[in-house]
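Enquirer: I have a structure I would like to understand better, so I am pasting it below and will then ask my questions one at a time.
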Amino acid sequence: MATYSARQRPRPVETESAVFAKVAALLLGILVAVLSFFSLLMWADSREARDAAAELTGATSDLAAVHNTALPLNSFAGVVPENSQELAAAHKPYDATLPPVPAGDLVKVHMTLKDLTVEIAPGVKYNTWAFDGHGAPGPVINVREGQTVEMTLTNGGSIPHSIDFHAARIAPNVAFKDVAPGDSIKFRFTASDPGVFMYHCGTKPVLAHIANGMYGAIIIQPKQALPKVDNEYVLVGSEWYL
80 MATYSARQRP RPVETESAVF AKVAALLLGI LVAVLSFFSL LMWADSREAR DAAAELTGAT
140 SDLAAVHNTA LPLNSFAGVV PENSQELAAA HKPYDATLPP VPAGDLVKVH MTLKDLTVEI
200 APGVKYNTWA FDGHGAPGPV INVREGQTVE MTLTNGGSIP HSIDFHAARI APNVAFKDVA
260 PGDSIKFRFT ASDPGVFMYH CGTKPVLAHI ANGMYGAIII QPKQALPKVD NEYVLVGSEW
320 YL
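First residue of the sequence shown? That's 80 in this note's numbering, and the numbers climb one at a time after it.
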């Protein structure tokens, strides 16, 4: 049997499996660290959204309806109110007629966002955010496939807003970014997909902006005209949360 002194003793040689195990452990540790980092970012983002929603609720308590008498927070779906005839007679509906498609290859649309008070029923007023001072929903945009839409958005309101087109194939961080009060943004997109789409404010908390009136419809007509009809109408369903 060979004997060695401490200085002469050969160094242990790692096997390939041992090296692989160390590399795998190192990579696993890096992966866990990266996942933990992104989890922390997502948690911070969700907390920021909750804080923003809470701040928005506190800062805009006037967005709740102002009415002469308290109204219950229940749905009237399928129920006809006793004063339905009175409400119908007093209500001034928007014209639902579909506007014509503008001529030319370039369609320019300019909307000014405003804080607006609307009367949604006799004696029931709601402080809302509106596209183009139109109330809710926003104005209907009607274009034809292949046209270029040039959108100019001016924020005349008191808080940041934006516009998100479901009909546009465009970088959202460029076109759909927040616009501060008093500022404007302009961008273009090609109406490439025929159909009926929604547009809405995309500023966080998104649902709060939509619920307070920031939504509308954009229609892209196909290049080959549809069969002619006598009249065309656009109806956008929505609710007010009193």
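All C-beta atoms in this analysis are idealised placements derived from N, C-alpha and C, irrespective of residue type, glycine included.
Run through the DSSP bridge pairs and tell me what residue 190 is partnered with.
Expert: Residue 190 is bridged to 232.
Enquirer: Within a Cβ cutoff of 6 Å, which residues of the same chain sit near residue 267, ignoring the five residues on either side of it in sequence?
Expert: If we look at residue 267 and ignore the five residues flanking it on each side, its Cβ neighbours are 227 and 229.
Enquirer: Starting from residue 277, follow its DSSP beta bridges and name the residues at the other end.
Expert: Partner(s): 296.
Enquirer: Tell me the rounded alpha-carbon separation between residue 319 and residue 276.
Expert: Using only the alpha carbons, I get a separation of about 21 Å.
Enquirer: For residue 315, which of helix, strand or coil comes out of DSSP?
Expert: Residue 315 falls in the coil class under three-state DSSP.
Enquirer: Using the Cα positions of residue 301 and residue 314, report the straight-line distance between them to the nearest angstrom.
Expert: Computed Cα separation, rounded: 20 Å.
Enquirer: If we count Cβ pairs, one from each stretch, closer than 8 Å, do we get three or more for the stretch 175-192 versus the stretch 217-227?
Expert: Segments in contact, yes.
Enquirer: Just to confirm before moving on: does the CB-CB distance between residue 232 and residue 258 stay below 7 Å?
Expert: In this structure, residue 258 lies closer than 7 Å to residue 232 by Cβ.
Enquirer: Classify residue 190: buried if its beta carbon has 16 or more other beta carbons within 10 angstroms, exposed otherwise.
Expert: With 16 or more other Cβ atoms within 10 Å, it is buried.
Enquirer: Got a sec? Which residues, its chain only, sit under 6 Å from residue 249 by beta carbon, not counting five neighbours each side?
Expert: Cβ neighbours of residue 249 beyond the five flanking positions: 268.
Enquirer: Buried or exposed: residue 219, going by 16 or more other Cβ atoms within 10 Å of its Cβ?
Expert: That one is buried.
Enquirer: Quick one: what's residue 198 bridged to in DSSP?
Expert: Per DSSP, 204.
Enquirer: Is the beta carbon of residue 261 closer than 7 Å to that of residue 278?
Expert: It is not a contact, given that the beta carbons lie outside the stated cut-off.
Enquirer: Can you tell me whether DSSP reads residue 98 as helix, strand or coil?
Expert: Three-state result, residue 98: helix.
Enquirer: Comparing alpha-carbon positions, which option in 284, 240, 208 and 273 lies nearest residue 304?
Expert: That would be 273, whose Cα lies nearest to the Cα of residue 304.
Enquirer: Whole-angstrom Cβ separation of residue 246 and residue 299, contact assumed at under 8 Å?
Expert: Sure, about 6 Å apart at Cβ, within 8 Å.
Enquirer: Could you please give me the residues that DSSP links to residue 238 through a beta bridge?
Expert: Partner(s): none; residue 238 has no beta bridge.
Enquirer: Please name the residue or residues paired with residue 223 in a DSSP beta bridge.
Expert: DSSP, once it has assigned bridges, lists 300 as partnering residue 223.
Enquirer: Starting from residue 289 and walking both ways along the alpha helix (DSSP H), at which residues does that stretch end?
Expert: Start and end: 285-290.
Enquirer: For residue 211, which residues of its own chain have a beta-carbon under 7 Å away from its beta-carbon, when the five flanking residues on both sides are left out?
Expert: Once the five neighbours on either side are set aside, the close Cβ partners of residue 211 are 190, 191, 217 and 218.
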